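Enquirer: Have a look at this one.
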Amino acid sequence: MMLKCVVVGDGAVGKTCLLMSYANDAFPEEYVPTVFDHYAGKMFCIKRYINKLR
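For the sequence shown, our numbering gives the first residue as -19, with consecutive numbering after it.
Right, here's the structure in full:
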C-alpha cells in the first residue's frame, strides 16, 4: 500500500522538519531550506491507525 500525504502551511513554520523528523526519527540539527520530496518505508495498519515500522 502506498501512502501519500501533503503538508500545507505558511512559510518557515517547520513543515520540512516535521516530515524529516517522522521519516528519520530525529529532528534535523541544521536548517534545511528544501522540500522533503521522497521517502519510502514499511508501514502497517491496524484498526485505522497507521504505525511506522522501525
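Where is the CB? At the ideal position from N, CA and C, for every residue including glycine.
Given the structure is predicted, the values throughout are model-derived calculations rather than measurements.
Do you know how far the Cα of Met(-18) is from the Cα of Ala(-8)?
Expert: Near 28 angstroms, if we compare the C-alpha coordinates of Met(-18) and Ala(-8).
Enquirer: Nearest-angstrom Cα distance between Phe7 and Lys(-5)?
Expert: Going from the Cα of Phe7 to the Cα of Lys(-5) covers about 12 angstroms.
Enquirer: Taking the alpha-carbon positions, what's the Glu10 to Ser1 distance?
Expert: One C-alpha to the other measures close to 12 angstroms.
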